[in-house]
Amino acid sequence: MSWLNYSLIAYASKKRILPDTQVAAQPGVQTRDLMSFLAGVKCWSHRNKQPVYALKRDQMKGFDYLAPQGFYDAVKAYGLPDSIADLDRAAQTDTRCFIRTAYGITDPITVTGVTKQGGPLSPLKSTFTTSMGHYFMDDIVRADNDALTLTTMSMKKGDPHLPDAKTSLTLAMVEATDDSFIFSRSLNSLQSNTLAMERFQLIDNPSARYHEILELVNTFQFPRTVTRPPITLLRKIISQNLISRIRAYLTLQPIKHADAEKLDQKVIERVHNILGFPFRPNTEIATLPLSLHGFDFPSIARINQAIAVAGIGRDLNHHIVAYRNMARITLADWTCEKNDCQCPLNGSGLDKDFGHYSKSLPAAWIIAQKTMRSFNPPLVLRPVDQSFWADGDVSLSHLLSLMTRSVPDIKKIINGTALLSLRAKGIRLLNDVGWWETSHDRLWASDGSMVPATAGITERKSIIGAATGDTTLVMKTKGRNLSILHGELVGLILALVLSQEQTDDTALTLLTDHLNSVRIIKDTAESKGTLVTYTPGHCSNNTIEARMNNEADHYASRSQQISNTLPTFQPPTFFMNNYTFYRDEDGYIESSITHFIETFTALSQASELAIGHGYRMVRLGYDMTSPPPYPYIRAVSAHSAAVQLYARSGQLATASVLHARGKIDSSTCALGCIAIGDAHHLFVNCEIYKKWRMKSAMFVKCGQQRSHSE
Numbered sequence: 157m158s159w160l161n162y163s164l165i166a167y168a169s170k171k172r173i174l175p176d177t178q179v180a181a182q183p184g185v186q187t188r189d190l191m192s193f194l195a196g197v198k199c200w201s202h203r204n205k206q207p208v209y210a211l212k213r214d215q216m217k218g219f220d221y222l223a224p225q226g227f228y229d230a231v232k233a234y235g236l237p238d239s240i241a242d243l244d245r246a247a248q249t250d251t252r253c254f255i256r257t258a259y260g261i262t263d264p265i266t267v268t269g270v271t272k273q274g275g276p277l278s279p280l281k282s283t284f285t286t287s288m289g290h291y292f293m294d295d296i297v298r299a300d301n302d303a304l305t306l307t308t309m310s311m312k313k314g315d316p317h318l319p320d321a322k323t324s325l326t327l328a329m330v331e332a333t334d335d336s337f338i339f340s341r342s343l344n345s346l347q348s349n350t351l352a353m354e355r356f357q358l359i360d361n362p363s364a365r366y367h368e369i370l371e372l373v374n375t376f377q378f379p380r381t382v383t384r385p386p387i388t389l390l391r392k393i394i395s396q397n398l399i400s401r402i403r404a405y406l407t408l409q410p411i412k413h414a415d416a417e418k419l420d421q422k423v424i425e426r427v428h429n430i431l432g433f434p435f436r437p438n439t440e441i442a443t444l445p446l447s448l449h450g451f452d453f454p455s456i457a458r459i460n461q462a463i464a465v466a467g468i469g470r471d472l473n474h475h476i477v478a479y480r481n482m483a484r485i486t487l488a489d490w491t492c493e494k495n496d497c498q499c500p501l502n503g504s505g506l507d508k509d510f511g512h513y514s515k516s517l518p519a520a521w522i523i524a525q526k527t528m529r530s531f532n533p534p535l536v537l538r539p540v541d542q543s544f545w546a547d548g549d550v551s552l553s554h555l556l557s558l559m560t561r562s563v564p565d566i567k568k569i570i571n572g573t574a575l576l577s578l579r580a581k582g583i584r585l586l587n588d589v590g591w592w593e594t595s596h597d598r599l600w601a602s603d604g605s606m607v608p609a610t611a612g613i614t615e616r617k618s619i620i621g622a623a624t625g626d627t628t629l630v631m632k633t634k635g636r637n638l639s640i641l642h643g644e645l646v647g648l649i650l651a652l653v654l655s656q657e658q659t660d661d662t663a664l665t666l667l668t669d670h671l672n673s674v675r676i677i678k679d680t681a682e683s684k685g686t687l688v689t690y691t692p693g694h695c696s697n698n699t700i701e702a703r704m705n706n707e708a709d710h711y712a713s714r715s716q717q718i719s720n721t722l723p724t725f726q727p728p729t730f731f732m733n734n735y736t737f738y739r740d741e742d743g744y745i746e747s748s749i750t751h752f753i754e755t756f757t758a759l760s761q762a763s764e765l766a767i768g769h770g771y772r773m774v775r776l777g778y779d780m781t782s783p784p785p786y787p788y789i790r791a792v793s794a795h796s797a798a799v800q801l802y803a804r805s806g807q808l809a810t811a812s813v814l815h816a817r818g819k820i821d822s823s824t825c826a827l828g829c830i831a832i833g834d835a836h837h838l839f840v841n842c843e844i845y846k847k848w849r850m851k852s853a854m855f856v857k858c859g860q861q862r863s864h865s866e
């Protein structure tokens with residue numbers, strides 16, 4: 157049955173058997189996708205001042221009381237083989253069940269035709285059965301004048317500004333296993349359904365989600381131990397038992413950044429109460445990664461920011477059409493109705509704060525946009541397909557709105573009356589005025605180079621693509637979030653462009669040592685006489701192919717020495733998601749955006765901590781090597797790590813700190829030295845403490861020698 161379940165899910169996804177808005181048994185669809193979708197519907201209703209009625213319906217538990225015949229009817233309706241129903245009947249016939257009671261396990265009873273709860277096929281059977289009702293509802297709303305059809309505000313006005321503004325979506329129902337929402341614009345079309353609010357009661361409500369997580373933090377029970385647990389154990393417990401649950405909550409609904417910071421402070425406060433030191437440590441230092449001289453406690457604030465930003469990218473690129481369309485309708489209205497046609501996720505549109513639009517825009521999107529603004533330089537989410545500008549598929553009113561910023565007097569030339577007159581003549585889009593003819597150039601390619609070869613996402617690198625043949629061209633790409641693959645691709649494109657000069661009918665052969673590119677081009681492109689062939693790289697053979705490849709490699713690698721003088725080639729975007737993150741210095745970010753956000757927000761925090769704070773977190777001028785992880789993360793006895801946390805926070809109870817807070821009368825060293833008793837004196841200059849340290853080190857050394865000798 158497990159094999160049948162696996163095969164049916166894959167087949168149903170490939171053939172799109174199940175409705176788009178049915179979450180269960182849809183590969184790649186998460187609960188947060190449905191939450192984001194519903195938030196988009198809610199905000200659309202507020203933007204358009206259109207009442208939307210939603211009835212909540214809780215179907216009888218499919219796993220416990222699902223009628224088998226419903227699944228068999230679905231198999232027949234979808235044209236699946238009858239053998240699936242026959243196999244299920246055989247599996248559900250004469251099944252032995254044991255009942256666990258307070259007095260033990262009963263004798264077996266035999267049941268027939270009952271789907272076992274938790275069985276491999278039970279979720280899919282429930283989904284297939286209820287999907288029939290979903291399609292029935294879709295058929296009903298087609299003839300319903302009160303059906304809910306979502307579209308952009310500019311489309312309603314008959315003047316869609318951009319291609320995405322033409323998107324529309326008729327919404328009848330959304331489902332998540334046995335829970336569903338049914339939508340309409342009137343109460344008359346919602347008469348016979350009901351749905352409990354267990355799953356969806358916190359849609360687009362970050363404040364409620366914050367209080368829910370705060371309660372989770374306050375009531376979390378640490379394991380009981382005989383002695384105080386070490387800081388390493390506390391970190392592990394929080395990471396595995398608390399943060400894992402909080403991350404799941406945040407995935408469904410991100411919260412405000414200020415609230416996330418309060419949660420971080422609450423978690424560190426609970427750790428502080430267990431450690432028993434008198435003054436609470438700095439939360440930001442505790443949550444910094446170990447490589448930045450922090451203590452590697454998970455940061456809810458950074459996790460929340462990463463989830464929010466990744467969520468908006470996922471929504472706009474979603475593989476399910478309904479979710480993707482809902483997100484693009486929201487973005488189109490946000491751009492043209494709320495931000496004067498400036499994309500709020502790109503360019504100068506990021507300058508505006510949309511915190512007061514919480515009813516018109518999903519809260520998670522506002523949080524994501526604020527996070528993107530906080531980067532320096534800012535992080536943007538670009539639509540990589542800009543072909544609609546060349547095609548002229550853009551509204552004249554959209555162009556006029558954009559031009560107003562750079563040419564304020566443009567409205568004196570083209571005003572609203574002129575636009576209305578043009579619309580009356582059927583001239584709404586730029587291509588109604590005129591269009592550009594595109595050329596049909598031929599393309600080919602060659603080799604790439606990257607220095608240093610093992611650079612990470614935070615390191616600067618030089619990436620070069622080179623093409624050679626009748627002529628030679630070498631260009632570089634800019635950005636830290638790139639790899640050698642971009643250099644290979646740039647080389648391919650340069651060679652393809654250079655080959656345009658060949659006007660005869662001789663077939664072209666493009667040589668490259670990047671096998672993946674050869675396979676992709678052969679699988680996806682019509683070569684039209686151009687043969688793309690793989691040749692091994694760095695080969696010592698004397699064949700023309702090897703010599704040509706070595707020459708291309710020579711130009712790519714040696715040009716690293718003059719990379720500053722080379723022209724820049726922007727990374728190709730045709731293989732990226734329709735909406736891809738971008739940042740100056742990093743370029744297009746195709747790696748995990750979650751990891752990117754957490755990495756660079758941590759770097760930003762470390763830079764801020766290096767200013768002030770008694771210069772305790774300054775790393776410039778010191779050894780930048782990451783501390784060894786064992787004493788901070790895995791050691792069984794880690795009191796020294798806890799002391800370092802409080803010392804770096806300026807909260808260690810030394811004489812100077814106690815005196816500054818009025819706890820003692822003198823700030824001199826408590827061990828008798830004639831000096832200010834601060835942390836630096838205690839651990840570096842104090843002779844008495846130095847003797848204690850040497851004595852303890854000798855004791856440990858002797859103990860190790862005895863254990864080795866035994």
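Note that the working numbering has the sequence shown beginning at 157, numbered continuously upward.
Don't be surprised by glycine CBs; every beta carbon is placed ideally from N, CA and C.
All figures in this text were calculated on a predicted structure; none of them were measured in a lab.
Supposed contact pair residue j and residue i - C-beta distance, whole angstroms, cut 8 Å
i, j, result
"residue 518", "residue 195", "4 Å"
"residue 280", "residue 181", "5 Å"
"residue 621", "residue 647", "4 Å"
"residue 282", "residue 175", "With 8 Å as the limit, residue 282 and residue 175 do not qualify as a contact, their Cβ atoms being about 14 Å apart."
"residue 758", "residue 448", "6 Å"
"residue 783", "residue 794", "The pair is not a contact, with the Cβ atoms about 13 Å apart (cut-off 8 Å)."
"residue 192", "residue 520", "6 Å"
Option in the options with minimal Cα separation from residue i
i, options, result
"residue 807", "621, 226, 438 and 741", "438"
"residue 324", "333, 303, 331 and 344", "303"
"residue 198", "629, 531 and 482", "482"
"residue 747", "777, 759 and 733", "733"
"residue 463", "412, 227, 277 and 263", "412"
"residue 541", "341, 614, 320 and 503", "320"
"residue 635", "618, 487 and 645", "618"
"residue 719", "608, 773 and 739", "608"
"residue 227", "795, 263, 207 and 289", "289"
"residue 341", "366, 361, 374 and 305", "305"
"residue 345", "208, 834, 849 and 526", "208"
"residue 161", "187, 804, 391 and 241", "241"
"residue 489", "698, 310 and 673", "310"
"residue 555", "568, 498 and 576", "498"
Neighbourhood of residue i by C-beta, 7 Å cutoff - its chain only, sequence neighbours within 5 removed
i, result
"residue 691", "667, 669, 701, 702 and 705"
"residue 629", "623, 650 and 654"
"residue 416", "456, 457 and 460"
"residue 202", "515 and 516"
"residue 595", "Per-residue confidence for residue 595 stands at a pLDDT of 42, beneath the threshold of 50, marking its modelled position as unreliable; the derived number appears in the next sentence. None."
"residue 711", "622, 624, 628 and 630"
"residue 475", "184"
"residue 354", "A caution first: residue 354 carries a pLDDT of 34, below 50, which makes its placement in the model unreliable, though a value can still be read off. Once the five neighbours on either side are set aside, residue 354 has no close Cβ partner at all."
For residue i, the residue or residues it bridges with in DSSP
i, result
"residue 526", "None, per the DSSP bridge assignment."
"residue 632", "620 and 724"
"residue 209", "340"
"residue 746", "According to DSSP, residue 746 bridges with nothing at all."
"residue 332", "335"
Own chain residues within Cβ distance below 8 Å of residue i, not counting five before or after
i, result
"residue 384", "430, 431 and 432"
"residue 401", "372"
"residue 829", "837, 841, 842, 843 and 844"
"residue 816", "823"
"residue 522", "510, 511, 513 and 514"
"residue 537", "468, 469, 472, 501, 502, 528, 735, 736, 737 and 738"
"residue 343", "209"
Own chain partners of residue i with C-beta closer than 6 Å, once the 5 adjacent residues on each side are dropped
i, result
"residue 745", "637, 737 and 752"
"residue 269", "224 and 248"
"residue 229", "none"
Note down, one range per segment and in chain order, each alpha helix (DSSP H) of at least 4 residues found wholly within the segment 231-270. 238-247
Which ranges would you report for the beta strand (DSSP E) in the segment 535-586 if only whole runs of at least 3 residues count? 536-539
Ranges of the alpha helix (DSSP H) found wholly within the segment 669-738, counting only runs of at least 4: 671-680 and 700-714
Length at least 3, wholly inside the segment 286-314: the beta strand (DSSP E) runs in chain order: 304-307
Ignoring anything shorter than 4 residues, give me the alpha helix (DSSP H) runs that lie fully in the segment 774-833, in order along the chain. 795-804 and 811-816
Could you name each continuous alpha helix (DSSP H) segment of 4 residues or more that falls completely within the segment 431-479, going from the start of the chain to the end? 439-443 and 456-472
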